[in-house]
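Numbering (the numbering used here), first residue to last: 166 to 283. All C-beta atoms in this analysis are idealised placements derived from N, C-alpha and C, irrespective of residue type, glycine included.
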Ligand SMILES: [Zn+2]
């Protein structure tokens, strides 16, 4: 997956609009997202891959975000240094590591909800 595909997938799973502006670049002041109608602004779609802090901000809004934290470090990790080192690695990685983990976790989580509700 490309960086944009990863960012798009993360937005899709997290319920964030991946803005798509359709129109004439000459009329930039009237451009609106074709999905949510938000007015055009440059760089409206965040790069979650390059900014792992943004991933955490989004995940933190979920009720089950603590489960996500545990998932990131491994449910069985108990050594504090090990957990801290792991988080440092996740935060310093700007190639989408935390974003991809969040995608995997949300995909797995949704499957689990589908299984239990069906
Ligand atoms: Zn939008």
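At least three beta-carbon pairs within less than 8 Å, the region 241-261 to the region 201-217: yes
Pair within 8 Å by beta-carbon distance, residue 247 and residue 178: no
Proximal residues to residue 243 (C-beta, below 7 Å), its chain only, five neighbours per side dropped: none
Neighbourhood of residue 173 by C-beta distance below 6 Å, restricted to the same chain and skipping five residues each side: 183
Alpha-carbon to alpha-carbon, residue 254 and residue 192: 43 Å
Exposure label - residue 166; buried when at least 16 CB within 10 Å: exposed
Beta carbon nearer than 6 Å to a non-hydrogen atom of ligand 1: 182, 184, 198, 200, 201, 203
Which listed residue (212, 262, 186) has its alpha carbon closest to that of residue 307: The chain is shown from 166 up to 283; residue 307 falls before or after that span and cannot be answered.
Chain-order list of residues whose beta-carbon lies under 6 Å from that of residue 263 (same chain, five-residue window excluded): 217, 220, 255
Residue 252 versus residue 238 - alpha carbon distance: 7 Å
Residue 194 versus residue 211 - alpha carbon distance: 20 Å
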